[in-house]
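Engineer: Please read through the structure below; I'll follow up with questions.
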RNA sequence: GUGGGCGUAGCUCAGCUUGGUAGAGCGCCGGAUUGUGGUUCCGGUGGUCGAGGGUUCGAAUCCCUCCGCCCACCCCA
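Residue numbers (our numbering): 896 to 1318.
Structure follows, in structure tokens:
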């Protein structure tokens, strides 16, 4: 009954969380470095919001009857009785921060990016974890379709530079608070006659959430879904023109996309432009990123000043999964093998100097044979032998472990030989 | 929340049908080599067989319960 009184049970990572280990962490770092460099040239700046927020932020921001809020949040009562939640996504937090710090007073479009863990209590599977990581960006303070197009262009650039190949960009417009309700009503009406012939899930959705029917993957339902009215035919004049402008801009930029009127996003705050990038070989969870415009979000969080914006978030776990190739950790530059007490001291000093010069160094102990074996196993590029002869001569035996060649060099020559390329 | 698959050494797995108290390969450690790795050879380390209970003279193996992981549904990143 009391866990701490039970016999020793091995403690493991909690369900849905995982340790990211080397060499995989190198791929994560590469992806994050690419993202930061792309964000920089598009003039985005990093924002770090708390992982813990008031539960109300998500209930009101994401939508009170979305799946995320109704059944996926890690919510708990703080000691003072207030309700706190581990963030399930970050857009609501960014908008909260934007409002709280009156960023609307700053000049121009406010461009922010973030990266970090999010938490949703779902059943784990391939590409889905309870603690997962997102890289995202928000452009806030403009309703212009030019901003939509630039955000999409940036994210396509980011994915390409990260090494993602064969992905597909899907875009849609879900209208605004004037035209979308009209469409949903039409859809609901139409489904009354056709839903009975569809799969069980669709029959249920036809009542509860008609838009979800469009997202059904059951093959037999596809012809029926194709025949349903398209939201694009129901957009009001403003939304229609906005969407057309976004598409013109994407065409100008030479960006390939597919308009998918059936694409549905799961968060309530989206309006007008929505987009998604999918990639095969990710299992059933094939979406690498999702995003869209959220012009009414600030108001639903109680803001008097509007904060129209558009943003996206990349599923970093999924991106890394699809660009990661099995490669070794970055190679060690040099392993120093000192023989004896005096050499040990000299080796430590040399290691210090080399490391300050940007060379990665491992200092071995014990027998030379042992050290050489170790050098080989960890994939060191060079081994440096420091023994009595070398100490006396001031010249050390540097062995290239790839070619097997060995030469006798001074410390300065070795540093020059191993110096990393400047960038 | 609902299905399906799988849990034996650090890793990948065999053994289970037809019960007789645990194996291989790789890894790790050491040796053949006093100051030279990768190949080879030799030796060694390593498992309450996911946990608990039952059947049995005897259970990794048969039965029950539980737990964990993976994949899928739902939904999303």
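All C-beta atoms in this analysis are idealised placements derived from N, C-alpha and C, irrespective of residue type, glycine included.
Taking 8 Å as the limit between beta carbons, can you name the residues of its chain near residue 1253, skipping five residues before and five after?
Structural biologist: The sequence position of residue 1253 within the first chain is 358, counting from 1. So the qualifying residues of the chain are 1314, 1315.
Engineer: With a threshold of 16 other CB atoms inside 10 Å of the CB of residue 1000, please say whether the residue is buried or exposed.
Structural biologist: Residue 1000 sits at position 105 when you count from the first residue of the first chain. Exposed, by the Cβ-count rule.
Engineer: Comparing C-alpha positions only, which one of 1063, 1189, 1110 sits nearest to residue 1152?
Structural biologist: One-based indexing of the first chain puts residue 1152 at position 257. Measuring from the Cα of residue 1152, the nearest candidate turns out to be 1063.
Engineer: Which same chain residues end up closer than 8 Å to residue 948 when comparing Cβ atoms and leaving out the 5 residues on each side of it in sequence?
Structural biologist: For this step, residue 948 is matched to residue 53 along the first chain. If we look at residue 948 and ignore the five residues flanking it on each side, its Cβ neighbours are 979, 980, 982, 987, 988, 991.
Engineer: Spell out a yes or no on whether the stretch 1031 to 1044 and the stretch 1201 to 1212 are touching, meaning 3 or more CB-CB pairs, one atom from each, closer than 8 Å.
Structural biologist: yes
Engineer: Helix, strand or coil, according to DSSP, for residue 1276 in the structure here?
Structural biologist: Counted from its first residue, the first chain places residue 1276 at position 381. Residue 1276: coil per DSSP, three-state reduction.
Engineer: Inspect the beta-carbon positions of residue 1296 and residue 1304 and report whether they are closer than 7 Å.
Structural biologist: Counting from 1 along the first chain, the entry for residue 1296 is found at position 401. Counting from 1 along the first chain, the entry for residue 1304 is found at position 409. Their beta carbons are not under 7 Å apart, which means residue 1296 does not touch residue 1304 by this criterion.
Engineer: Could you check what DSSP says for residue 1302 in three-state terms: helix, strand or coil?
Structural biologist: Translated into the one-based positions of the first chain, residue 1302 becomes position 407. Of the three classes helix, strand and coil, the one that applies to residue 1302 here is strand, per DSSP.
Engineer: Taking 8 Å as the threshold, find out whether the stretch 1093 to 1105 comes into contact with the stretch 1056 to 1070 through three or more Cβ pairs.
Structural biologist: no
Engineer: Quick check on the burial criterion: 16 or more other C-beta atoms within 10 angstroms. Buried or exposed for residue 1196?
Structural biologist: One-based indexing of the first chain puts residue 1196 at position 301. Residue 1196 should be labelled buried.
Engineer: Would the stretch 1226 to 1241 and the stretch 1275 to 1290 be scored as touching if the rule is three or more Cβ pairs under 8 Å?
Structural biologist: Cβ pair count under 8 Å is three or more, so yes.
Engineer: What does residue 940 pair with, by DSSP beta-bridge criteria?
Structural biologist: Translated into the one-based positions of the first chain, residue 940 becomes position 45. According to DSSP, residue 940 bridges with 1007.
Engineer: What residues in its chain sit with their C-beta under 8 Å from that of residue 1150, if we drop five residues either side in the sequence?
Structural biologist: Within the first chain, the letter at position 255 stands for residue 1150. Cβ within range, chain order: 1047, 1048, 1051, 1064.
Engineer: Is the stretch 1120 to 1131 touching the stretch 1021 to 1029 in the sense that three or more CB pairs, one from each, lie closer than 8 Å?
Structural biologist: Contact check between the stretch 1021 to 1029 and the stretch 1120 to 1131: fewer than three CB pairs, one atom from each, fall below 8 Å, which does not count as touching.
Engineer: If we ignore side chains and look at the alpha-carbon of each, how far apart do residue 962 and residue 1016 end up?
Structural biologist: Here residue 962 refers to the residue found at position 67 when the first chain is read from its first residue. Here residue 1016 refers to the residue found at position 121 when the first chain is read from its first residue. Distance between the alpha carbons of residue 962 and residue 1016 is about 11 Å.
Engineer: Under 8 Å: do the stretch 1064 to 1080 and the stretch 931 to 948 share three or more Cβ pairs, one atom per stretch?
Structural biologist: no
Engineer: Please report how far the alpha carbon of residue 1077 lies from the alpha carbon of residue 1130, in whole angstroms.
Structural biologist: By one-based count along the first chain, residue 1077 stands at place 182. By one-based count along the first chain, residue 1130 stands at place 235. The straight-line gap from Cα to Cα measures roughly 9 Å.
Engineer: Are residue 1158 and residue 1067 closer than 7 Å when you measure CB to CB?
Structural biologist: The count along the first chain starts at 1 and reaches residue 1158 at position 263. The count along the first chain starts at 1 and reaches residue 1067 at position 172. Between residue 1158 and residue 1067, the gap from beta carbon to beta carbon is short of 7 Å.
Engineer: Could you name the residues of the same chain whose beta carbon sits closer than 7 Å to that of residue 1242, not counting the 5 residues immediately before and after it, in chain order?
Structural biologist: Translated into positions along the first chain, residue 1242 becomes position 347. Excluding positions up to five away in sequence, the list reads 1231, 1233, 1258, 1281.
Engineer: Quick check on residue 985: does DSSP put it in helix, strand or coil?
Structural biologist: Here residue 985 refers to the residue found at position 90 of the first chain. Note: residue 985 maps to coil in three-state DSSP.
Engineer: Since residue 1031 sits in a beta bridge, which residues does DSSP pair it with?
Structural biologist: As a position in the first chain, residue 1031 is number 136, starting the count at 1. DSSP lists 1009, 1208 as partners of residue 1031.
Engineer: Taking the alpha-carbon of residue 1191 as reference, which of 1201, 1183, 1184 has the nearest alpha-carbon?
Structural biologist: Reading the first chain from its first residue, position 296 is the one you call residue 1191. Checking every option, the nearest Cα to that of residue 1191 belongs to 1201.
Engineer: Which of the three DSSP states is assigned to residue 1081 in this structure?
Structural biologist: For this step, residue 1081 is matched to residue 186 along the first chain. Reduced to three states, the DSSP call for residue 1081 is helix.
Engineer: Looking only at its chain, what residues have a beta carbon closer than 6 Å to the beta carbon of residue 913, apart from the 5 residues adjacent to it on each side?
Structural biologist: As a working note, residue 913 is residue 18 in the first chain. Excluding residues within five positions, none has a Cβ falling inside 6 Å.
Engineer: Go ahead and label residue 1007 buried or exposed: buried means 16 or more other beta carbons lie within 10 angstroms of its beta carbon, across all protein chains shown.
Structural biologist: Taking the first chain and counting its residues from 1, the one referred to as residue 1007 is at position 112. Buried: at least 16 other Cβ atoms inside 10 Å.
Engineer: Would you grab the beta carbon distance between residue 1040 and residue 1160 for me? Rounded to a whole angstrom, and I think it's under 8 Å.
Structural biologist: Here residue 1040 corresponds to residue number 145 of the first chain, with the count starting at 1. Here residue 1160 corresponds to residue number 265 of the first chain, with the count starting at 1. Not confirmed; about 18 Å, so no contact.
Engineer: What first and last residue would you give for the beta strand (DSSP E) that runs through residue 1171?
Structural biologist: Along the first chain, read from residue 1 onward, the residue named residue 1171 stands at position 276. Run containing residue 1171: 1166 to 1173, per the beta strand (DSSP E) assignment.
Engineer: Can you tell me the Cα-Cα spacing of residue 957 and residue 965, whole angstroms?
Structural biologist: Counted from its first residue, the first chain places residue 957 at position 62. Counted from its first residue, the first chain places residue 965 at position 70. For residue 957 and residue 965, the distance between alpha carbons rounds to 11 Å.
Engineer: What does DSSP give as the partner residue(s) for residue 1020 in the beta ladder?
Structural biologist: The residue labelled residue 1020 in the question sits at position 125 within the first chain. According to DSSP, residue 1020 bridges with 1023.
Engineer: Judging by CA-CA distance, which residue of 1216, 951, 935, 1177 is the nearest neighbour of residue 1053?
Structural biologist: Taking the first chain and counting its residues from 1, the one referred to as residue 1053 is at position 158. Of 1216, 951, 935, 1177, the residue nearest in Cα terms is 935.
Engineer: Can you tell me whether residue 940 is buried or exposed, with buried defined as 16 or more other CB within 10 angstroms of its CB?
Structural biologist: Within the first chain, the letter at position 45 stands for residue 940. It is exposed - the Cβ of residue 940 has fewer than 16 other Cβ atoms within 10 Å.
Engineer: Whole angstroms is fine: what's the gap from residue 902's alpha carbon to residue 1020's?
Structural biologist: Within the first chain, the letter at position 7 stands for residue 902. Within the first chain, the letter at position 125 stands for residue 1020. Interpretation of residue 902 is limited by its pLDDT of 49, a score under 50 that renders its predicted location unreliable; the figure taken from the coordinates is listed afterwards. When rounded, the distance between both Cα atoms is 30 Å.
Engineer: Could you check which residue in 910, 984, 1311, 960 has the C-alpha nearest to that of residue 1248?
Structural biologist: The residue given as residue 1248 occupies position 353 in the first chain. That would be 1311, whose Cα lies nearest to the Cα of residue 1248.
Engineer: What would DSSP say about residue 1052, mapped onto helix, strand or coil?
Structural biologist: The residue given as residue 1052 occupies position 157 in the first chain. Reduced to three states, the DSSP call for residue 1052 is helix.
Engineer: If you scan the stretch 1235 to 1297 from start to end, which runs of the alpha helix (DSSP H) of 4 or more residues do you find wholly inside it?
Structural biologist: Restricting attention to alpha helix (DSSP H) runs no shorter than 4 residues, the stretch 1235 to 1297 encloses them at 1236 to 1251, 1263 to 1272, 1283 to 1288, ordered along the chain.
Engineer: Taking the beta carbon of residue 1271 as the centre, do at least 16 other beta carbons fall within 10 Å, making it buried, or is it exposed?
Structural biologist: Along the first chain, one-based indexing puts residue 1271 at 376. Burial call: exposed.
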